[in-house]
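Asker:
2 protein chains.
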Amino acid sequence: MPRTPPGQTRERIFRFVRDRLLRGDSPSLREVRDHFGFRAVETVRAHLTALVEEGRLDREPGRARSYRLPSLPRFHPVPILGEVAAGGFEEAVENPEGILPVEISDSRDLSDFFALRVRGESMIGAGILPGDTVIVERGEPRSGQIVVALVENEATVKRLHLGPGGVVELRPENPEFEILRPPPDACRILGVVVELRRTLGTRWRGRP
Amino acid sequence: MPRTPPGQTRERIFRFVRDRLLRGDSPSLREVRDHFGFRAVETVRAHLTALVEEGRLDREPGRARSYRLPSLPRFHPVPILGEVAAGGFEEAVENPEGILPVEISDSRDLSDFFALRVRGESMIGAGILPGDTVIVERGEPRSGQIVVALVENEATVKRLHLGPGGVVELRPENPEFEILRPPPDACRILGVVVELRRTLGTRWRGRP
DNA sequence: GAGTATAACAGACATTTGTCTGGTATATTC
DNA sequence: GAATATACCAGACAAATGTCTGTTATACTC
Chain A
1 MPRTPPGQTR
11 ERIFRFVRDR
21 LLRGDSPSLR
31 EVRDHFGFRA
41 VETVRAHLTA
51 LVEEGRLDRE
61 PGRARSYRLP
71 SLPRFHPVPI
81 LGEVAAGGFE
91 EAVENPEGIL
101 PVEISDSRDL
111 SDFFALRVRG
121 ESMIGAGILP
131 GDTVIVERGE
141 PRSGQIVVAL
151 VENEATVKRL
161 HLGPGGVVEL
171 RPENPEFEIL
181 RPPPDACRIL
191 GVVVELRRTL
201 GTRWRGRP
Chain B
209 MPRTPPGQTR
219 ERIFRFVRDR
229 LLRGDSPSLR
239 EVRDHFGFRA
249 VETVRAHLTA
259 LVEEGRLDRE
269 PGRARSYRLP
279 SLPRFHPVPI
289 LGEVAAGGFE
299 EAVENPEGIL
309 PVEISDSRDL
319 SDFFALRVRG
329 ESMIGAGILP
339 GDTVIVERGE
349 PRSGQIVVAL
359 VENEATVKRL
369 HLGPGGVVEL
379 RPENPEFEIL
389 RPPPDACRIL
399 GVVVELRRTL
409 GTRWRGRP
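For the protein sequence lines, the chains are A and B, in the order given. Each residue of the first sequence is one higher than the one before, counting from 1 in my numbering. Each residue of the second sequence is one higher than the one before, counting from 209 in my numbering.
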């Protein structure tokens, strides 16, 4: 293998490893060696060790395939809930429609998160359309935040307003919908919407 | 280790491995063994082999830490472009602001995808707000699709309408904005918006 | 030219990790 | 009760993988 200008091969190795890691598949030293046509494992190890020292990679010594991207946010499994309404909340978490990988800060409690598909057009004014997926964190919501609430056995996305004396208002962002003022015991705030995802397909092309 | 009811331990092992895999970290047999307090590696191997036969896990024999989730959509690295405007497009791809893992079908060409942060309020009617991140696939757009276009050296998100004779219309979805009818040589359609992501609130979110 | 840093190689070595063969115990089924 | 299936254990083994030590060559600096 001919000698290359300083840093050039290292950059190519970094990109190769990075792309493999983003696919969830950490390569072994020999796999990297073979990909670049090196003849010595040590060549790869030297480059990777340098990349770790530069802070561009992380690793655990003496472990197979342990290189990681320090800058890459870690994905955590968040259950996509189907019918929260009928059963209890915990049952819904135990039988998710699917799992969605979501970036969550390490300081948060993973079990506080879930995802929900949006029904209805009541939040169009906030850019939340039917069919969107919202990611929700359970916990005490503040006034003004967009929340998921369980009202009359149905999960609904609205903006929360807390009035004096603990009066709860759930405000839609669509003039065609009414503000909900449920009595405290008929309404349970499930959590705060922290992220929204939408896949654009062919379904709603040309919507007015 | 006491004997457990059939299937129960296997379920727990599956969940443990699944969660580790979603964090991008495939456990070794001995790591699983230690986590559950087994004394024999073979116990774990038997369970995992069964899970593979049930189709709940995938693996490559004779490879370290090679268990995978077959159901998990594969995430691919998509560059987040900063300033497309100034420089050329290829330069922007080479120097991304960050990398965003995106679910992409295997039939697509990974290098056709990029992500862009939305500026301006011209697409509020389509539920696309400033600050949102759109994921874009390069390629020939069809009339009616939401596209990213390069007009007067600035990337902009609009709905595309192709009129007779190849007339290009870029329609905002906000009554306060005008329809753009750029001459063909002053407008380059970069691609079609296929996904949208929005982070709400103060939750931490890392950018690599 | 001497010194130094970097790229790449060579090959032995140690550890991690997966594989295999056989065994014990507890249910369930016929 | 015999046969069968499953959960778990024990320990040897082999393959994959990371580690180490030493070497050669090229480029740059003083």
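Cβ coordinates follow ideal geometry from the N, Cα and C atoms, glycine included.
For leucine 29 of chain A and chain B, any beta-carbon pair shorter than 9 angstroms?
Answerer: Leucine 29 of chain A does not count as touching chain B.
Asker: Could you list the residues in the segment 355-387 of chain B with a C-beta less than 7 angstroms from some C-beta on chain A, going in chain order?
Answerer: Under the 7 angstroms Cβ criterion, the segment 355-387 of chain B contributes no residue.
Asker: Determine whether the Cβ of isoleucine 288 of chain B lies closer than 9 angstroms to any Cβ atom of chain A.
Answerer: Cβ-Cβ to chain A under 9 angstroms: no for isoleucine 288 of chain B.
Asker: Below 9 angstroms on C-beta distance, what does histidine 76 of chain A contact in chain B?
Answerer: Result: Asp227, Leu230, Arg231.
Asker: So, is the C-beta of leucine 48 of chain A closer than 9 angstroms to a C-beta in chain B?
Answerer: False, the Cβ-Cβ gap to chain B never drops below 9 angstroms.
Asker: Return the Cβ separation of leucine 370 of chain B and serine 351 of chain B in integer angstroms, given the expectation that the two are a contact with Cβ distance under 8 angstroms.
Answerer: Yes, leucine 370 of chain B and serine 351 of chain B are in contact; Cβ-Cβ is about 4 angstroms, under 8 angstroms.
Asker: Short of 7 angstroms Cβ to Cβ, which residues in the segment 244-277 of chain B face chain A?
Answerer: The segment 244-277 of chain B vs chain A, Cβ under 7 angstroms: Ala272, Arg273.
Asker: Taking a contact to mean a Cβ-Cβ separation below 9 angstroms, would you say glutamate 137 of chain A touches arginine 108 of chain A in this structure?
Answerer: Yes, the pair counts as a contact, with Cβ atoms nearer than the cut-off.
Asker: Starting from the Cα of glycine 201 of chain A, find the closest Cα among B/Ala258, B/Pro309, B/Pro349, B/Ala363 and give me that residue.
Answerer: The residue with the shortest Cα to Cα distance from glycine 201 of chain A is B/Pro349.
Asker: Examine chain A for any beta-carbon lying closer than 9 angstroms to the beta-carbon of leucine 404 of chain B, and answer yes or no.
Answerer: Judged by the 9 angstroms Cβ criterion, leucine 404 of chain B is in contact with chain A.
Asker: Quick check on DSSP: helix, strand or coil for glutamate 121 of chain A?
Answerer: Glutamate 121 of chain A: coil per DSSP, three-state reduction.
Asker: Taking threonine 133 of chain A as part of the beta strand (DSSP E), name the residues at either end of that continuous run.
Answerer: Taken as a continuous stretch (DSSP letters only), the beta strand (DSSP E) holding threonine 133 of chain A covers 133-137.
Asker: Could you check what DSSP says for leucine 370 of chain B in three-state terms: helix, strand or coil?
Answerer: Leucine 370 of chain B falls in the strand class under three-state DSSP.
Asker: Can you name the start and end residues of the beta strand (DSSP E) that valine 194 of chain A belongs to?
Answerer: It spans 187-199 - the beta strand (DSSP E) in which valine 194 of chain A sits, taken as one unbroken run.
Asker: Check the Cβ-Cβ distances between valine 270 of chain A and every residue of chain B, and say whether any is below 9 angstroms.
Answerer: No information on residue 270 of chain A is available, as it lies outside the stretch 1 to 208 that chain A covers here.
Asker: Return yes when the C-beta of leucine 160 of chain A is under 8 angstroms from any heavy atom of the ligand ZN, and no when it is not.
Answerer: Judged by which ligands are present, the structure shown has none, so any question about the ligand ZN falls away.
Asker: Could you give the DSSP three-state label for glutamate 311 of chain B: helix, strand or coil?
Answerer: Reduced to three states, the DSSP call for glutamate 311 of chain B is strand.
Asker: With 16 as the cutoff for other CB atoms within 10 Å, does isoleucine 179 of chain A come out buried or exposed?
Answerer: Counting Cβ neighbours within 10 Å, isoleucine 179 of chain A comes out exposed, since fewer than 16 surround it.
Asker: Is valine 365 of chain B near methionine 331 of chain B, with beta carbons less than 9 angstroms apart?
Answerer: Against a cut-off of 9 angstroms, the Cβ pair of methionine 331 of chain B and valine 365 of chain B comes out as a contact.
Asker: Please go through the same chain and pick out, in chain order, the residues whose beta-carbon is closer than 7 angstroms to the beta-carbon of valine 147 of chain A, but skip the five residues on each side of it.
Answerer: The residues are Pro141, Lys158, Leu160, Ile189, Gly191, Val192, Val193.
Asker: Is DSSP giving arginine 238 of chain B helix, strand or coil here?
Answerer: Looking at arginine 238 of chain B - three-state DSSP - the assignment turns out to be helix.
Asker: Please state whether DSSP places threonine 364 of chain B in a helix, a strand or coil.
Answerer: The answer is strand: DSSP assigns threonine 364 of chain B an E or B state.
Asker: When the distance is taken between beta carbons, is valine 240 of chain B closer than 9 angstroms to valine 260 of chain B?
Answerer: Going by C-beta atoms, valine 260 of chain B is not nearer than 9 angstroms to valine 240 of chain B.
Asker: How would you label aspartate 132 of chain A, buried or exposed, when you count the other beta carbons within 10 angstroms and need 16 or more for buried?
Answerer: By the 10 Å Cβ count, aspartate 132 of chain A comes out buried.
Asker: Check whether the Cβ of proline 184 of chain A lies closer than 9 angstroms to any Cβ atom in chain B.
Answerer: Not an interface residue.
Asker: Please confirm if threonine 199 of chain A has its CB atom under 9 angstroms from at least one CB of chain B.
Answerer: Yes - at least one Cβ of chain B is within 9 angstroms of the one on threonine 199 of chain A.
Asker: Using three-state DSSP, classify valine 17 of chain A as helix, strand or coil.
Answerer: Three-state result, valine 17 of chain A: helix.
Asker: Whose C-beta lies closer than 8 angstroms to the C-beta of alanine 294 of chain B among residues of the same chain, with five residues either side of it excluded?
Answerer: Reliability of the predicted coordinates at alanine 294 of chain B is poor, the pLDDT of 45 falling under 50, and the value obtained from them is presented with this limitation in mind. If we look at alanine 294 of chain B and ignore the five residues flanking it on each side, its Cβ neighbours are Asn361.
Asker: So is leucine 318 of chain B buried or exposed if we call it buried at 16+ other beta carbons inside 10 Å?
Answerer: Exposed is the call here.
Asker: Could you give the residue range of the beta strand (DSSP E) that holds alanine 357 of chain B?
Answerer: It spans 354-359 - the beta strand (DSSP E) in which alanine 357 of chain B sits, taken as one unbroken run.
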